[in-house]
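Engineer: Line order of the protein sequences matches chains A and B. Numbering of the first sequence is given in our numbering, commencing with residue 13 and proceeding in unit increments. Numbering of the second sequence is given in our numbering, commencing with residue 13 and proceeding in unit increments. Just so it is clear, CB atoms sit at the ideal spot from N, CA and C, and this is done for glycine as well. Only a predicted model underlies this, so the values are computations on that prediction, with no experimental measurement involved.
Protein chains: 2
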Amino acid sequence: MVDIATRVYNHNWKIDPIVRSLIDTDFYKLLMCQSVYRNHRDTQVTFSLINRTTSIPLADLVDEGELREQLDHIRTLTLWRGESTWLRGNTFYGKRQMFRPDFMEWFEQLRLPPYHLERVGDQYELTFEGKWPEVMMWEIPALAVLMELRGRAVLRGMAKFELEVLYARAMTKLWEKIETLRDLDGLKLADFGTRRRHSFLWQDWCVQAMVEGLGDSFVGTSNCLIAKNRDVEAIGTNAHELPMVYAALAEDDAALARAPYDVLADWHEEHEGNLRIILPDTFGTRGFLDNAPDWLAGWTGIRVDSGDPAEGAEIAIDWWQARGEDPRQKMVIFSDGLDVGKIVELHKAFVGRVRPSFGWGTLLTNDFRGLTEGDRLAPFSLVCKAVSAEGRPTVKLSDNPRKAMGPKDEIARYKRVFGVGEQAAQEVVV
Amino acid sequence: MVDIATRVYNHNWKIDPIVRSLIDTDFYKLLMCQSVYRNHRDTQVTFSLINRTTSIPLADLVDEGELREQLDHIRTLTLWRGESTWLRGNTFYGKRQMFRPDFMEWFEQLRLPPYHLERVGDQYELTFEGKWPEVMMWEIPALAVLMELRGRAVLRGMAKFELEVLYARAMTKLWEKIETLRDLDGLKLADFGTRRRHSFLWQDWCVQAMVEGLGDSFVGTSNCLIAKNRDVEAIGTNAHELPMVYAALAEDDAALARAPYDVLADWHEEHEGNLRIILPDTFGTRGFLDNAPDWLAGWTGIRVDSGDPAEGAEIAIDWWQARGEDPRQKMVIFSDGLDVGKIVELHKAFVGRVRPSFGWGTLLTNDFRGLTEGDRLAPFSLVCKAVSAEGRPTVKLSDNPRKAMGPKDEIARYKRVFGVGEQAAQEVVV
Chain A
13 MVDIATRVYN HNWKIDPIVR SLIDTDFYKL LMCQSVYRNH RDTQVTFSLI NRTTSIPLAD
73 LVDEGELREQ LDHIRTLTLW RGESTWLRGN TFYGKRQMFR PDFMEWFEQL RLPPYHLERV
133 GDQYELTFEG KWPEVMMWEI PALAVLMELR GRAVLRGMAK FELEVLYARA MTKLWEKIET
193 LRDLDGLKLA DFGTRRRHSF LWQDWCVQAM VEGLGDSFVG TSNCLIAKNR DVEAIGTNAH
253 ELPMVYAALA EDDAALARAP YDVLADWHEE HEGNLRIILP DTFGTRGFLD NAPDWLAGWT
313 GIRVDSGDPA EGAEIAIDWW QARGEDPRQK MVIFSDGLDV GKIVELHKAF VGRVRPSFGW
373 GTLLTNDFRG LTEGDRLAPF SLVCKAVSAE GRPTVKLSDN PRKAMGPKDE IARYKRVFGV
433 GEQAAQEVVV
Chain B
13 MVDIATRVYN HNWKIDPIVR SLIDTDFYKL LMCQSVYRNH RDTQVTFSLI NRTTSIPLAD
73 LVDEGELREQ LDHIRTLTLW RGESTWLRGN TFYGKRQMFR PDFMEWFEQL RLPPYHLERV
133 GDQYELTFEG KWPEVMMWEI PALAVLMELR GRAVLRGMAK FELEVLYARA MTKLWEKIET
193 LRDLDGLKLA DFGTRRRHSF LWQDWCVQAM VEGLGDSFVG TSNCLIAKNR DVEAIGTNAH
253 ELPMVYAALA EDDAALARAP YDVLADWHEE HEGNLRIILP DTFGTRGFLD NAPDWLAGWT
313 GIRVDSGDPA EGAEIAIDWW QARGEDPRQK MVIFSDGLDV GKIVELHKAF VGRVRPSFGW
373 GTLLTNDFRG LTEGDRLAPF SLVCKAVSAE GRPTVKLSDN PRKAMGPKDE IARYKRVFGV
433 GEQAAQEVVV
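#1: Which chain B residues sit within Cβ distance under 7 Å of residue 183 of chain A?
#2: Using the three-state DSSP reduction, which class does residue 200 of chain B fall into: helix, strand or coil?
#3: So residue 114 of chain B and residue 69 of chain B are supposed to be a Cβ contact under 8 Å. How far apart are they, rounded?
#4: Just tell me which of B/152, B/312 and B/437 has its CA closest to the CA of residue 395 of chain B.
#5: Could you tell me the boundaries of the alpha helix (DSSP H) in which residue 121 of chain B lies?
#6: Could you name the residues of chain A that residue 243 of chain B contacts, counting a contact when the two beta carbons are closer than 8 Å?
#7: With distances taken Cα to Cα, identify the nearest neighbour of residue 143 of chain B among B/164, B/58, B/210 and B/187.
#8: In terms of DSSP beta bridges, what is residue 399 of chain B paired with?
#9: Say whether chain A places a C-beta atom closer than 8 Å to the C-beta of residue 385 of chain B.
#10: Give every residue of the same chain whose Cβ lies closer than 6 Å to the Cβ of residue 85 of chain B, excluding the five residues on either side of it in the sequence, and list them in chain order.
#11: Cα separation between residue 18 of chain B and residue 16 of chain A?
#12: Rounded to the nearest angstrom, how far is the Cβ of residue 344 of chain A from that of residue 325 of chain A, given a contact under 8 Å?
#13: What three-state label does DSSP hand residue 439 of chain B in the structure shown?
#14: Spatial neighbours of residue 125 of chain A within its chain, please: CB distance less than 7 Å, with the 5 preceding and 5 following residues excluded, ordered by chain position.
#15: Would you give the residue range spanned by the beta strand (DSSP E) that residue 372 of chain A belongs to?
#16: When the Cβ atoms of the segment 292-307 of chain B are set against those of the segment 326-342 of chain B, are three or more pairs found closer than 8 Å?
#17: What residues from chain B crowd round residue 225 of chain A, counting only those whose CB sits closer than 7 Å?
#18: What in chain A is Cβ-close to residue 187 of chain B, meaning under 7 Å?
#19: What's the gap between the Cα of residue 430 of chain B and the Cα of residue 189 of chain B?
#20: Identify each residue in the segment 355-381 of chain B for which the Cβ-Cβ distance to at least one residue of chain A is less than 9 Å, and report them in chain order.
#21: Excluding five sequence neighbours on each side, which residues of the same chain lie with their C-beta closer than 8 Å to the C-beta of residue 65 of chain B?
#22: Could you compute how far the alpha carbon of residue 380 of chain B sits from the alpha carbon of residue 264 of chain B?
#23: Taking three-plus beta-carbon pairs below 8 Å as touching, is the segment 309-323 of chain A in contact with the segment 281-297 of chain A?
#24: Going along chain A, which residues have a C-beta under 9 Å from residue 221 of chain B?
#25: Give the C-beta separation of residue 42 of chain A and residue 218 of chain A to the nearest angstrom, bearing in mind that I take them to be a contact with Cβ-Cβ under 8 Å.
#26: What's the C-alpha gap between residue 398 of chain B and residue 63 of chain B?
#27: Looking at the structure shown, is residue 382 of chain A part of a helix, part of a strand, or coil, going by DSSP?
#28: May I ask you to report which of helix, strand or coil DSSP gives residue 392 of chain A?
#29: Relative to the alpha-carbon of residue 204 of chain A, which residue among A/323, A/238, A/174 and A/179 has its alpha-carbon at the smallest distance?
#30: By how many angstroms is the C-alpha of residue 201 of chain B removed from the C-alpha of residue 370 of chain B?
#31: Between B/170, B/211, B/180 and B/119, which lies nearest to residue 156 of chain B when the distance is taken from Cα to Cα?
#32: According to DSSP, which residues form a beta bridge with residue 310 of chain A?
#33: Out of A/159, A/168, A/226 and A/244, point me to the one whose CA is closest to residue 214 of chain A's CA.
#34: Using DSSP with H/G/I as helix, E/B as strand and the rest coil, what is residue 136 of chain B?
#35: Use the C-beta contact count for residue 25 of chain B: other C-beta atoms within 10 angstroms, 16 or more gives buried, fewer gives exposed.
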């Protein structure tokens, strides 16, 4: 029996929207958005797409018309009533009413602001300007749209069984990873793969596979929509955009030096427990920890997102010990370019010494490497960052010089202010 | 939108029938059945299940009640009108009305005769007695039911994503085989995998994958139902049961020696072109060809189904040359325990010297080796054979002593009559 109505309905769509919900985004975006809405709701920022893998000619691969259709569709979205109810009523990180009524009222009215799109050479210039809490909500859907459109362009040339086998291979590949991870005692791992996923449906499959394959070792997904639909935990804390924008707003070097701690002071007021996770690498981990106020050592853990991850964890352990804290009680969340080999290695090296945890991103939800001729579905390093605030450029140093961004003179100034010396370069895979 | 009717309909089935059509069987069964119906319609025969892989305790793995349900369901089947129309009207091997009206009238009335099922140790004794044209139709569905029930027993213990990944792996495995075969110029290959398939749906998938992946190199399937549904050629000629039963009916040694040629004389009257394929190994290939009448050398080709396949082909080439025939015009159909490696090797060795062709069976439609823990889905060597005719035991020697069957003294007599000496043993995988 063919369900005629469904078939007709499916063929009625003028486009196949990639992002169909405002909560098809990372949970930490919502947490940060609420914080920004409280503390900096009128700050003007610009976010910009940056393709770090310049060998991928995005503008040749993705049709501009299709891209506009997808972005325009996102601008039509508002929060669904059920989504609002879930955000208002669900328990996040053990806490009810994580999102305050005033924030929810604002969010329920939100439509994403205009975008600016222009082809420049073989790349797209895609920027978003406006009030910080509005503009910041573009980051994840913009990335997801570009990644999936690039994928669709490749998939369009494939026959039915080729497609079936492609997904069979991808499923097999992921399941083999899960089987490896299954053997790790005490593993804690979350999906952080929304932004560079192969597609929404594929991310959704990955999450379900993790639920079945890893049981309690799978602690949740950063994707709010999938968390809601699949009844798993929404996971995430905060990101570089907070210290980057706070720093750009600083009036002088002294204020700049204080900026990353101001971010966490604001956070400290709002959150407790497992949401108190330090992201120390925006302007160099070592200097950040050396100069950190004592109350920060009392936080629950740290997220290691650039540089050599084992070294980052060791630095944190030393720092906690120097501040009289017991590292065994602390969480260390690894989230930079992870794949199974690195997860196994880091878990074995740190379990028992700290409480390791993993935010597994692109190579969970988009490991299509080696699955097509010419590897045309391999993921690449696309980001969407706050590049300026109130007309001033932002800077990111990170613990890997290849991830640094900002104007040269500003980078030099930040390095001086934050006492960053030589850094070891790490290859940026995704 | 859930299609409620379909869901309810699916849940209404008391059993999930494995064989749902009388033409879910091998094409050569129908050709042979027509021949038997014309020449030996009242001959009493017994077919019996034989599990050559005694390490597989079929009666422990497959529930007797379920087995009876499936066999009983097959006994309720009659030819559907559309199936009858297809058999009457379709072109097979380039010929219209392959099936004569009197045979079709009989077939339209056919229901399969009773079966005898008994547990003996950890195996089932499953036999079918009655008129040859009726009983012979049990062979393929009986095998398919046992193979699939054994598979289902294993699958029942698997979770949803495990199942999805199992099939993803099987698809990947088959597609990699197809990608290897794609590179072979002039390959001709057919699906012969009905009897020991993993399941009907899986065989159907395999056929579709071959259609898409191999194009014209895929010449068709032995399965009539799939050939009909997927609009591909139905492929097959004749099998050992004909000479085995003809031989068992022989009154003395002279008649026995003549029996295999009588089979082909009857066939010669009925068929021409690509249906004139000699199956020479029932009582040893060498002796059969040495003593063959000259008109047999004019047949289109030969099927190599036991012994060392390259040696079998060389024997045929020498024989054709000795009889003044051009081997380059002759078909050699390899059909014994094939997998990709052997297909590639044989194709390269014989293309140009003869017209090689491949009947790929179990390792096409049931290569689940290595896909589950304990390899509990690996195929095994199950056959269903004519074991007696008019109360006399049948004998098969073949070119591999491990495939020989029949009472010891009769084997000795056949070896003497057919001049079979030492034979090299070949491992029987499937």
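Structural biologist: Based on what the coordinates show:
#1: 176, 177 and 180
#2: coil
#3: Rounded, the Cβ-Cβ distance is 45 Å, inconsistent with contact.
#4: B/152
#5: 113-121
#6: Going along chain A, no residue has its Cβ under 8 Å from residue 243 of chain B, so there is no contact; the nearest lies around 16 Å.
#7: B/58
#8: Paired residues: none, contrary to the question.
#9: no
#10: 29
#11: 12 Å
#12: 5 Å
#13: coil
#14: 140, 142, 146 and 147
#15: 367-372
#16: yes
#17: 173
#18: 177
#19: 39 Å
#20: none
#21: 392, 393 and 394
#22: 46 Å
#23: yes
#24: 173, 176 and 177
#25: Rounded, the Cβ-Cβ distance is 21 Å, inconsistent with contact.
#26: 14 Å
#27: coil
#28: coil
#29: A/238
#30: 5 Å
#31: B/211
#32: Residue 310 of chain A is not bridged to any residue.
#33: A/159
#34: strand
#35: exposed
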